[in-house]
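J.: Submitted below is the structure of interest, expressed as structure tokens.
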Amino acid sequence: MPTVTATPPLLERYPEGSILPQEGLDQPAWVVRREILEDLARDLRDHPETRFDLLLDLCGVDFPERSERFEAVYHLFSVTRKERLRLKVPVSEAEPVLPSLVDVWKGANWFEREAFDLFGLRFEGHPNLRRILTHEGFQGHPLRKDYDPARRWVLTEDKVYRPRPQQPVEEEDEDLFERMTINIGPSHPAMHGTLRVVATLDGETIDASEVEIGYLHRCFEKMSETHTWQQVIPYTDRLNYCSSFINNVAYCRTVEQMLGIEAPPRAVWARTILSEFSRIMDHCVCNGSVLVDAGALTNFWYLFQPREEIYGLLEACSGARLTVAYGRIGGLAADLPPDFEDRCRRLLETIPPFLDDVDALVAHNRIFLDRSVGVAAISGEEAVNWGWTGPCLRASGVGYDVRKAYPYDLYDTVEWEMPVFQGGDVYDRYRVRMAEARQSLAIIRQLLDSGMPEGPVMVEDPHVALPSKEAAYTQMESMIYHFKLIMDGIQVPAGECYSMVEGANGELGFYIVSDGSGKPYRVKVRPPCFPIFSTFSRLIRGGTVSDAIVTLGGLNVIAGELDR
Amino acid sequence: MTQELITTLVKITLWLVVLLTTVPVMVWVERRASAFIQDRRGPNRVGPLGLVQPLADALKFIFKEDITPTAADRPLYLLAPLLAVLPALTTFALIPFGPDVVIDGRTVPLIVADVETGVLLLLALASLGVYSLVMAGYSSNNKYSLFGGIRASSQMISYELALTLAVLAALIPVGSFRLDEVVLYQQGTWLGFLPRWNVFPQFIGFMVFLIAAFAETNRVPFDLPEADSELVAGYHTEYSSMKFALFFMGEYMSMATLSALAATLYFGGWHLPGVRFSDTWYWALAQGFGILLMKVALFLLFFVWVRWSFPRFRFDQLMRLGWKVLLPVGIFNLVLVAAMTLAGWL
Chain A
376 MPTVTATPPL
386 LERYPEGSIL
396 PQEGLDQPAW
406 VVRREILEDL
416 ARDLRDHPET
426 RFDLLLDLCG
436 VDFPERSERF
446 EAVYHLFSVT
456 RKERLRLKVP
466 VSEAEPVLPS
476 LVDVWKGANW
486 FEREAFDLFG
496 LRFEGHPNLR
506 RILTHEGFQG
516 HPLRKDYDPA
526 RRWVLTEDKV
536 YRPRPQQPVE
546 EEDEDLFERM
556 TINIGPSHPA
566 MHGTLRVVAT
576 LDGETIDASE
586 VEIGYLHRCF
596 EKMSETHTWQ
606 QVIPYTDRLN
616 YCSSFINNVA
626 YCRTVEQMLG
636 IEAPPRAVWA
646 RTILSEFSRI
656 MDHCVCNGSV
666 LVDAGALTNF
676 WYLFQPREEI
686 YGLLEACSGA
696 RLTVAYGRIG
706 GLAADLPPDF
716 EDRCRRLLET
726 IPPFLDDVDA
736 LVAHNRIFLD
746 RSVGVAAISG
756 EEAVNWGWTG
766 PCLRASGVGY
776 DVRKAYPYDL
786 YDTVEWEMPV
796 FQGGDVYDRY
806 RVRMAEARQS
816 LAIIRQLLDS
826 GMPEGPVMVE
836 DPHVALPSKE
846 AAYTQMESMI
856 YHFKLIMDGI
866 QVPAGECYSM
876 VEGANGELGF
886 YIVSDGSGKP
896 YRVKVRPPCF
906 PIFSTFSRLI
916 RGGTVSDAIV
926 TLGGLNVIAG
936 ELDR
Chain B
153 MTQELITTLV
163 KITLWLVVLL
173 TTVPVMVWVE
183 RRASAFIQDR
193 RGPNRVGPLG
203 LVQPLADALK
213 FIFKEDITPT
223 AADRPLYLLA
233 PLLAVLPALT
243 TFALIPFGPD
253 VVIDGRTVPL
263 IVADVETGVL
273 LLLALASLGV
283 YSLVMAGYSS
293 NNKYSLFGGI
303 RASSQMISYE
313 LALTLAVLAA
323 LIPVGSFRLD
333 EVVLYQQGTW
343 LGFLPRWNVF
353 PQFIGFMVFL
363 IAAFAETNRV
373 PFDLPEADSE
383 LVAGYHTEYS
393 SMKFALFFMG
403 EYMSMATLSA
413 LAATLYFGGW
423 HLPGVRFSDT
433 WYWALAQGFG
443 ILLMKVALFL
453 LFFVWVRWSF
463 PRFRFDQLMR
473 LGWKVLLPVG
483 IFNLVLVAAM
493 TLAGWL
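Quick note, the sequences are listed as chains A and B, same order.
Each residue of the first sequence is one higher than the one before, starting from 376 at the first, in the working numbering.
Each residue of the second sequence is one higher than the one before, starting from 153 at the first, in the working numbering.
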């Protein structure tokens with residue numbers, strides 16, 4: 376994995392001791408004094424030798440025993456130079472204040488609100504520092520280690536924040552026109568999931584809007600801290616539930632990296648194939664909902680049919696359809712079904728006609744073109760600044776795909792193209808997804824042709840893999856391992872790791888801190904749709920309500936992953 | 153006098169039965185056809201081929217709780233669904249459905265209201281439909297409904313212009329507002345083999361009429377007043393039970409009426425070349441009615457087919473299409489047809 380140079384160019388600009396470089400397991404990390412954070416961030420973004428133009432993630436970590444209790448962790452990425460850097464900024468409990476980086480990276484806005492909400496870190500200069508995932512009337516900061524998860528609060532409606540998006544109205548305007556405030560969601564047919572947008576309208580045109588999230592917050596990160604490493608896997612299914620297997624892979628790979636183990640070839644092979652099938656599914660769901668929102672209902676069925684059939688494959692593997700929980704740290708939960716290859720090949724036959732039909736119906740349909748071309752367009756540069764990744768970013772002309780930039784699993788053994796379109800609008804997001812679904816099919820075909828590797832689907836390390844049932848019942852040693860794994864969990868060495876895969880909607884990263892025990896100390900997901908959705912107000916301003924609805928479908932915002 | 157009254161009542165009853173049957177039949181057709189288009193089965197449990205499904209739907213509608221929002225404007229709220237079916241139930245009176253027949257030595261025209269103003273009255277009645285949508289949208293006290301109502305008013309008023317222009321052009325060569333004369337005009341053939349239907353010389357006008365008819369009936373791609381993904385259900389968001397069903401019926405019945413109008417104006421109405429009408433009055437009635445219904449059915453199928461194939465317009469695009477494309481094209485068509493008529497080609 377490429378990293379920044381050993382002597383970073385910016386170190387000498389700052390007073391001695393304000394930046395302490397650390398060697399990381401995964402990427403270099405700098406411990407930074409908060410006084411210089413803002414200047415450093417700006418330098419890191421603009422300096423030609425660093426060019427960290429994308430803020431991937433920002434989260435807090437709580438170490439109650441340290442004198443400076445909290446640590447704000449920033450993950451930076453340079454799209455142009457394909458380099459990564461982690462900044463860790465310690466802050467004390469007495470004064471948990473940091474400078475806000477919203478001016479440097481617009482994408483920091485929601486991340487900072489989240490860190491404020493969950494840890495009570497205050498970001499000075501933030502334009503709108505309020506709770507984001509929890510209720511307005513919530514007390515305390517739930518991800519602090521001393522927060523008792525059993526605490527209950529009475530959350531009443533009078534404490535609800537009432538958004539009043541306002542755009543300055545010109546005076547002469549005021550008497551003639553009345554603005555209407557309309558509440559779209561959280562239960563509205565086009566808000567896929569529980570999203571809420573409050574928009575002020577001038578006629579049908581959206582003047583200003585505010586986005587509210589958190590209706591599906593399920594404390595995933597807090598729960599992870601009280602479960603053993605393997606037990607976290609079913610929770611990851613519920614992040615992006617349209618492609619749950621990819622989440623399994625992302626989480627398992629991160630823990631495997633911390634453990635220093637690798638899944639056996641057969642498992643890696645199956646992971647790659649199933650990830651690609653999941654991606655096809657996700658893209659089908661996303662494009663299907665774009666088209667439904669545009670009024671073309673039939674395409675939804677055409678695109679849900681492949682999804683249905685892929686679910687059949689996942690069901691044969693894992694027994695579950697939606698939330699598969701098929702990945703395991705060290706491999707897969709169970710061996711592949713005997714007819715796995717046949718099923719995959721059948722799917723390769725059945726899926727393309729559906730994609731072709733949809734393309735034939737809408738790709739050149741004048742009405743759909745009118746509805747989507749140029750709608751909610753965003754330039755590549757701006758999208759990067761907002762923290763976009765994945766198909767949405769590739770629709771804006773920036774060719775960044777984790778599978779190409781940091782090939783994992785078997786992606787470097789197959790030949791495929793990364794579709795990139797320039798428009799950055801709803802139409803190009805649609806086209807990128809259609810093209811990617813076809814590329815995924817090509818990847819799967821090549822992997823099938825290369826042959827299924829023989830062997831186990833789980834590592835043979837008894838500290839990680841559960842012994843077979845027979846062994847656990849008949850051999851003393853296996854029984855002890857079984858007991859230890861179930862009761863204490865896998866012992867992951869202390870340390871931290873950020874690892875990512877290309878999720879269906881962008882870089883899906885897991886930042887995990889371990890204290891060496893059987894449970895994660897801190898799990899932070901980098902949900903790809905979180906920064907994307909934070910851009911929503913900017914995207915829909917000046918458009919009509921219809922545009923906003925179509926735009927939302929094309930961003931593929933999955934509430935499970937957004938709210939965690 | 154009494155005889156005339158009786159024949160008129162019979163004619164009205166006949167139409168009413170047909171129109172009111174259209175709704176359940178269309179519900180079934182729409183559900184089965186959409187299922188066919190969308191590669192799924194559709195309702196197939198209630199009765200053979202799911203044919204009794206509409207009955208089950210109707211029962212469900214009747215037994216659903218009938219809700220009136222507390223803050224609704226009650227009189228308007230109740231009036232709106234009634235107004236939705238009113239135009240659909242009156243306009244049929246002006247559509248001829250067969251040749252003049254002789255019953256007991258008395259000539260009876262097969263049209264309910266044989267009036268001089270013909271099409272004009274029909275258009276006037278049809279345009280009342282917009283009131284229902286606006287009232288529903290306004291009185292529900294729901295922002296989405298209001299949106300739907302506003303969209304409906306501007307959409308239907310805009311498209312009525314184009315619709316009227318197309319109808320007007322179809323009347324020019326005939327020289328009369330009476331639809332039965334329009335049908336008589338279309339008897340015979342063009343060039344010896346084409347039926348003498350208006351659709352051939354006035355294809356542009358027919359397209360304008362068709363597009364405007366879609367907009368008038370609020371069907372995809374012009375279903376913006378209800379635009380389910382944007383406005384929840386638009387103007388009828390707050391309606392339930394039979395009140396909702398009335399909107400539903402209104403939509404299907406106005407589809408049927410506009411289809412009948414299209415068939416009459418452009419496809420020869422109850423007339424079909426090569427069909428010799430019987431001298432017995434009831435056979436002639438059955439023939440005329442059958443031919444008209446067949447044409448209407450084809451139009452209705454077309455409506456369904458389009459609905460499940462196209463995305464929806466955006467509102468500004470819809471208005472642009474109405475005012476900047478359909479209206480000029482309609483005027484052009486009007487001038488063209490007038491010139492052709494003056495030249496003696498039509």
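A virtual CB, placed ideally from N, CA and C, is assigned to each residue, including glycine.
What are the complete alpha helix (DSSP H) segments, minimum 4 residues, inside the segment 597 to 657 of chain A?
T.: Here the runs fully enclosed are 608 to 612, 619 to 634.
J.: Identify whether residue 463/A lies in helix, strand or coil by the three-state DSSP scheme.
T.: Here residue 463/A sits in strand by DSSP.
J.: Quick one: Cα of residue 240/B to Cα of residue 725/A, how far?
T.: In a straight line, the C-alpha of residue 240/B is about 45 angstroms away from that of residue 725/A.
J.: Does any residue of chain C have a CB that is nearer than 8 angstroms to the CB of residue 567/A?
T.: Absent from the structure: chain C. Protein chains present are A and B.
J.: Which whole-angstrom value is the C-beta distance of residue 392/B and residue 216/B, which I expect to be below 8 angstroms?
T.: Yes, residue 392/B and residue 216/B are in contact; Cβ-Cβ is about 6 angstroms, under 8 angstroms.
J.: Would you verify that the beta carbon of residue 373/B is, or is not, closer than 8 angstroms to some beta carbon of chain A?
T.: Taking Cβ atoms only, chain A reaches closer than 8 angstroms to residue 373/B, which makes this a yes.
J.: Give the DSSP bridge partners of residue 449/A, in chain order.
T.: Bridge partners of residue 449/A: 433/A, 462/A.
J.: Check the Cβ-Cβ distances between residue 183/B and every residue of chain A, and say whether any is below 8 angstroms.
T.: By this cut-off, residue 183/B is not an interface position.
J.: Between which two residues does the beta strand (DSSP E) holding residue 397/A run?
T.: Looking at the DSSP string, the run of the beta strand (DSSP E) that includes residue 397/A is 394 to 397.
J.: Cβ atoms of residue 570/A and residue 581/A: under 8 angstroms apart, would you say?
T.: In this structure, residue 570/A does not lie closer than 8 angstroms to residue 581/A by Cβ.
J.: Chain B partners of residue 742/A, CB-CB under 7 angstroms?
T.: Under the 7 angstroms cutoff, chain B gives 373, 462, 463, 465.
J.: Which chain A residues are close to residue 253/B, counting only those with a beta carbon under 7 angstroms from its beta carbon?
T.: The premise fails here: residue 253/B is roughly 45 angstroms from chain A at the closest Cβ pair, so nothing lies under 7 angstroms.
J.: Leaving out five residues before and five after residue 385/B in sequence, what residues of the same chain have Cβ atoms less than 7 angstroms from its Cβ?
T.: Hits under 7 angstroms: 378.
J.: Output, in chain order, the set of chain A residues within a Cβ distance shorter than 8 angstroms of residue 225/B.
T.: Simply none; closest approach about 18 angstroms.
J.: Are there three or more Cβ pairs, one per stretch, closer than 8 angstroms when the segment 674 to 692 of chain A is compared with the segment 606 to 616 of chain A?
T.: With the cut-off at 8 angstroms, the segment 674 to 692 of chain A and the segment 606 to 616 of chain A do not touch.
J.: Give, in chain order, every unbroken run of the alpha helix (DSSP H) that is at least 4 residues long and sits entirely within the segment 759 to 785 of chain A.
T.: List check, alpha helix (DSSP H) in window: 765 to 769, 777 to 780.
J.: Where residue 514/A and residue 176/B are concerned, what is the direct C-alpha to C-alpha distance, given to the nearest angstrom?
T.: Their Cα atoms are separated by approximately 56 angstroms.
J.: Give the residues of chain A in contact with residue 192/B, contact being defined as C-beta atoms less than 8 angstroms apart.
T.: Neighbours of residue 192/B on chain A, chain order: 676.
J.: Give the residues of chain B in contact with residue 736/A, contact being defined as C-beta atoms less than 8 angstroms apart.
T.: Simply 461.
J.: By the DSSP assignment, the beta strand (DSSP E) with residue 872/A in it spans what residues?
T.: 870 to 878 is the span of the beta strand (DSSP E), which, as asked, contains residue 872/A.
J.: Counting only beta-carbon atoms, is residue 469/B nearer than 8 angstroms to chain A?
T.: Residue 469/B counts as touching chain A.
J.: Consult DSSP for residue 396/B and reduce its assignment to one of helix, strand or coil.
T.: Correct three-state label for residue 396/B: helix.
J.: Given 7 angstroms as the limit, tell me if residue 899/A has its C-beta closer than that to any heavy atom belonging to the ligand ADP.
T.: Looking for the ligand ADP in the displayed structure turns up nothing, as the structure carries no ligands at all.
J.: Can you pull the chain B neighbours of residue 555/A, defined as C-beta to C-beta under 8 angstroms?
T.: Under the 8 angstroms cutoff, chain B gives 295.
J.: Report the partner residues of residue 346/B according to the DSSP bridge assignment.
T.: Residue 346/B pairs with 342/B.
J.: List the residues of chain B that residue 803/A touches, going by C-beta distances under 7 angstroms, in chain order.
T.: Here the premise fails: no neighbours, minimum Cβ distance about 17 angstroms.
J.: Residues of chain A with CB under 9 angstroms from residue 189/B, in chain order?
T.: Within chain A, the residues near residue 189/B are 673, 676.
J.: Could you say if the segment 819 to 839 of chain A and the segment 797 to 809 of chain A meet the contact criterion of at least three C-beta pairs nearer than 8 angstroms?
T.: The segment 819 to 839 of chain A is not in contact with the segment 797 to 809 of chain A.
J.: Check the DSSP bridge columns for residue 474/A and list the partner residues they point to.
T.: DSSP, once it has assigned bridges, lists 499/A as partnering residue 474/A.
J.: Which residue from 840/A, 421/A, 483/A, 519/A puts its Cα closest to that of residue 639/A?
T.: When each option's Cα is compared against that of residue 639/A, the closest is 840/A.
J.: Around the C-beta of residue 270/B, are 16 or more other C-beta atoms found within 10 angstroms, so that it is buried, or is it exposed?
T.: Classification of residue 270/B: buried, given that the 10 Å Cβ count is 16 or more.
J.: Residues of chain B with CB closer than 7 angstroms to the CB of residue 579/A, please, in chain order.
T.: Neighbours of residue 579/A on chain B, chain order: 467.
J.: Using only CA atoms, which one of 828/A, 537/A, 609/A lies nearest to residue 644/A?
T.: Here the closest residue by C-alpha is 828/A.
J.: Just confirm the distance between the C-beta atoms of residue 451/A and residue 431/A, as a whole number of angstroms; I'd bet it's less than 8 angstroms.
T.: Yes, residue 451/A and residue 431/A are in contact; Cβ-Cβ is about 7 angstroms, under 8 angstroms.
J.: Under 8 angstroms, Cβ to Cβ, is there at least one residue of chain A near residue 391/B?
T.: False, the Cβ-Cβ gap to chain A never drops below 8 angstroms.
J.: From 305/B, 498/B, 477/B, 491/B, pick the residue whose C-alpha is nearest to that of residue 314/B; which is it?
T.: Ranking 305/B, 498/B, 477/B, 491/B by Cα distance to residue 314/B puts 477/B first.
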